[in-house]
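Colleague:
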Amino acid sequence: MTSKIAIDALSEAEAKLELARLAVELSAANAAYYTEDNPDLTDDAYDALKRRNSAIEKRFSHLKRDDSPSDQVGAAPADGFSKIAHEVAMLSLSNAFDAEDVMDFDGRIRKYLGLSTDTDLGFTAEPKIDGLSLSLRYEDGQLVHAVTRGDGAVGENVTSNALTISDIPHTLQDCPKVLEVRGEVYMSHADFTALNERQSERGGKVFANPRNAAAGSLRQLDAEITKSRPLRFFAYAWGALSDPLAPTQMGAITRLKELGFSTNPLTVLCDGPEAMLAHYAKIEEQRATLGYDIDGVVYKVDDLALQDRLGFRSTTPRWAIAHKFPAELAWTRLEGIDIQVGRTGALSPVARLQPVTVGGVVVSNATLHNEDYIKGLDSKGQEIRGGKDIRVGDWVQVYRAGDVIPKIADVDLSKRPTDAVPYQFPAICPECNSEALREPGDAVRRCSGGLICPAQAVEKLKHFVARGAFDIEGMGAKQVEQFYVDGWIKEPADIFTLKDRYGQGLQQLKNREGWGEKSANNLFQGIEDKRNIPLGRVIFALGIRHVGDAASNLLALHYETWDAFEAAMVDAQKHEGPAWDDLIDVDGVGAVMAGSVVSAFAQSGERASIDRLVAQLNIIPAERADTSGSPVAGKTVVFTGTLEKMTRAEAKARAERLGAKVSGSVSAKTDILIAGPGAGSKAKKAADLGVQTMDEDGWLALINAV
DNA sequence: TATCCTCGAGTTCC
DNA sequence: CTCGAGGATA
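The numbering used here applies: residue 19 is where the first sequence begins, and numbers increase by one.
#1: Provide the residue(s) that pair with MET712 in DSSP beta bridges, ordered along the chain.
#2: To the nearest angstrom, report how far apart PHE558 and SER685 are at their CA atoms.
#3: Using the beta-carbon count (16 or more within 10 Å), is GLY399 buried or exposed?
#4: Fully enclosed by the region 358-441, which beta strand (DSSP E) runs are 3 residues long or longer?
#5: Go ahead and label ARG519 buried or exposed: buried means 16 or more other beta carbons lie within 10 angstroms of its beta carbon, across all protein chains shown.
#6: Counting only runs that start and end within the region 566-643, where is the beta strand (DSSP E) found for 3 or more residues in a row?
#7: Hey, quick one: how far does the alpha helix (DSSP H) through SER537 stretch, first residue to last?
#8: Which whole-angstrom value describes the C-beta separation of TRP580 and LEU553, a residue pair presumed to lie in contact below a C-beta threshold of 8 Å?
#9: Restricting to runs no shorter than 4 residues, where is the alpha helix (DSSP H) found entirely within the region 241-274?
#10: Taking all protein chains shown into account, decide if GLU144 is buried (16 or more other Cβ within 10 angstroms of its Cβ) or exposed.
#11: For ALA608, count neighbouring C-beta atoms within 10 Å of its own C-beta (all shown protein chains included) and say buried if the count is 16 or more, exposed if not.
#12: Look up GLU144 in the DSSP assignment and say whether it is helix, strand or coil.
#13: In angstroms with no decimal places, state the Cα-to-Cα distance between LEU720 and ALA651.
#14: With a CB to CB cut of under 7 Å and the five nearest residues on each side skipped, what residues in its chain are close to ILE638?
#15: If ALA338 and VAL315 are in contact, beta carbons under 8 Å, what's the gap, nearest whole angstrom?
#16: On the DSSP letters alone, give me the boundaries of the beta strand (DSSP E) that ASP313 sits inside.
#17: Quick check: ALA640 and GLU578, are their CB atoms within less than 9 Å of each other?
#18: Exposed or buried, which one is SER151 when buried takes at least 16 other CB atoms within 10 Å?
#19: Tell me which same chain residues have a C-beta within less than 8 Å of the C-beta of ILE446, skipping the five on either side of it?
#20: In the region 323-354, which residue ranges form an unbroken beta strand (DSSP E) of at least 3 residues, counting only runs that do not cross its ends?
#21: What residues are listed by DSSP as bridge partners for ALA306?
#22: Would you kindly work out how many angstroms separate the C-alpha atoms of GLY383 and ALA299, rounded to a whole number?
#23: So what does GLN160 bridge to, in DSSP terms?
#24: What three-state label does DSSP hand ASP706 in the structure shown?
#25: Using a Cβ distance threshold of 8 Å, determine whether the region 407-417 contacts the region 427-435, with at least three qualifying pairs required.
#26: Using only the alpha-carbon positions, how far apart do LYS536 and LEU154 sit?
#27: Could you compute how far the alpha carbon of ALA705 sits from the alpha carbon of PHE657?
#28: Would the beta-carbon of VAL655 fall within 9 Å of that of SER681?
#29: Pick from GLY360, PRO458, LEU239 and GLY354: whose alpha carbon is nearest that of LYS480?
#30: Compute the Euclidean distance between the alpha carbons of VAL503 and VAL172, then round it to the nearest angstrom.
#31: Are VAL416 and VAL374 close, meaning C-beta to C-beta below 9 Å?
#32: For ASN179 versus LEU139, is the C-beta distance shorter than 9 Å?
#33: Which class does ILE551 belong to by DSSP, given the choice of helix, strand or coil?
#34: List the endpoints of the continuous beta strand (DSSP E) containing GLU215.
#35: What is the residue span of the alpha helix (DSSP H) that ILE102 lies within?
#36: How long is the line joining the alpha carbons of MET205 and ILE507, rounded to whole angstroms?
See below:
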């Protein structure tokens, strides 16, 4: 090792050289540490090198290398974990709560695939481990990173922590070149109890349940702490893959086991819903003696080719479902009912409860949904809870729906105080005193105050900076609220002028509570980072009623640029004419949604606010998915008659994946008509218009020719 | 017109 | 995570 020159005395050339040397040295040390369990550097020496590297980078920030060791695998930056995007998204599962839901699941899949009830359809069934999911990426058999689920698209890099878990192999033999193994990190009951005993002896944090203990342990910035925590890992799925593991789910799990992963021994193959339910009962029976927490049973279509055909809805696969165990229940007293006002003005009642432990978590609030729910009625006027209403002072039974959202299941009328009165839902907004109206047929009551209602204004701003919208780092709900209260930010455009108005020398922001030079700089950087922003996010961020994530992206893909979108919305004001028709024609957009979007561009106040925002931004046009090479990209196709090889839903999904637009009726704009047996008027019209027509086989040949 | 499916908007706790 | 409602479909 060369002599250590004081960092202040380093010349630029020397710094550059030393950074290069440190990069090599540290990466060799990493490799030795992670692959051999036999580091050739002591921990202290390793840390010293790392610190020196960071110090030099800090002084000569422009010299920081692309392969800087401070960004490398296994290195958690001091202020948190680095983010890694999943090559294949980590989705959640839809849920089943009873046998009927499971039968429906089987039925839905058969319908989608066009399978009759007497065709064999196998499923795997396995316990759903209550831990946290983790994705492990192996390249050439080497673990290169471990990433938490995060929001499903981007997770946190916890590689150095994952490497301390003994169930996670560091290297694999005879595996695909690229292999992402997914599974659950969890802690056993015994280890959890022992850990909590140790923690309380030391005066450390005591965890509420094994899940929290596992999560807290995996997200330690110091991998040494994680190493001291007895975490385990079950592999049950995969992400990116260069070669298939097996033709079936069960085969793939077996293969993962052969590769050295722990897989759950209660994973079995079932020939249908009856067998699945039987296995569910068996697992439920063993639940208490398993030694680790599970919260249900997961069923997956076994045939991977069928999984592929079934594909995904927006957030869940069609080919899997989680059958949840019944929720834990607890009784407590309802101390009060508060009303919250959302960004659309919806008045939502929230129950304030005497704190009670439900499923290992202390709950003190629960949702009451809406006016009718408190009265004991559902949206169709049907009685729920036996028609019992909820009153302040009542003893209520609480559960966590889907083990997350606290809800009230029942009311004990025998314990109702004699002076309890039916809850009177407010008719004026508690935040701004505007009238709160309930549209006929609507379940929610809404504040009519619009942006004069401070609650609506703040909630809209929170939505604007939220994930999926502008997602500005350093600007969360708390910050938005503070800035709004102080009058620094009244509308989205103000965020982008914040620095000009208040950032002078950072003095003003710095003098505020909770803000220092660093956090202020980070915030301004976070804001600058989002000046360039994709069109879909901008539309979503506007917070237009009925226009969420999915619809925003549909609109963005349809109009491609902000200018085109805005011009069309202005042209469509009158709810008629070509611009309006074009909008309604977008698949997934109907009159209600269209009216809602258009009205955002009608009111001069809101329109002006949008214009002020757009003036601050560089909006990136939406790019249609790369369908180059697809023979049907950009074509409008219509299916008619009976399809024999696949269902309509499947045909539509596949066509869209290839960049085609699927329409319901034949017009001059139609490029291809796919006519099955029994095609009628549409085929005739297509012939009249001279539209290219083919049968299902012809279509399949066309799209498979890629 | 009725039914099914998907999405949006609301929710808690860590 | 659940509910309600909008949109597509039969």
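Heads up, the beta-carbon is just placed ideally off N, CA and C, and yes, glycines get one too.
Note that the structure is predicted; figures quoted are calculated from it, not measured.
Modeller: For this structure:
#1: ILE692
#2: 31 Å
#3: exposed
#4: 365-376, 379-385, 413-419 and 423-430
#5: exposed
#6: 636-638
#7: 535-547
#8: 6 Å
#9: 241-245
#10: buried
#11: The sequence shown places Gly at residue 608, rather than the Ala named in the question. Exposed is the call here.
#12: strand
#13: 12 Å
#14: ASN550, ILE551, PRO552 and LEU553
#15: ALA338 to VAL315, Cβ: 11 Å. No contact.
#16: 312-319
#17: yes
#18: buried
#19: SER452, GLU453 and ALA454
#20: 338-342
#21: In the DSSP output, where bridge partners are listed per residue, ALA306 has none listed.
#22: The sequence given here has Asn at residue 383, not Gly. Each residue's alpha carbon lies about 32 Å from the other.
#23: GLU157 and THR189
#24: helix
#25: yes
#26: 33 Å
#27: 14 Å
#28: yes
#29: GLY360
#30: 32 Å
#31: yes
#32: no
#33: strand
#34: From DSSP, GLU215 is part of no beta strand (DSSP E) but of the alpha helix (DSSP H) over 207-219.
#35: No alpha helix (DSSP H) contains ILE102, which is instead part of the beta strand (DSSP E) from 101-103.
#36: 45 Å
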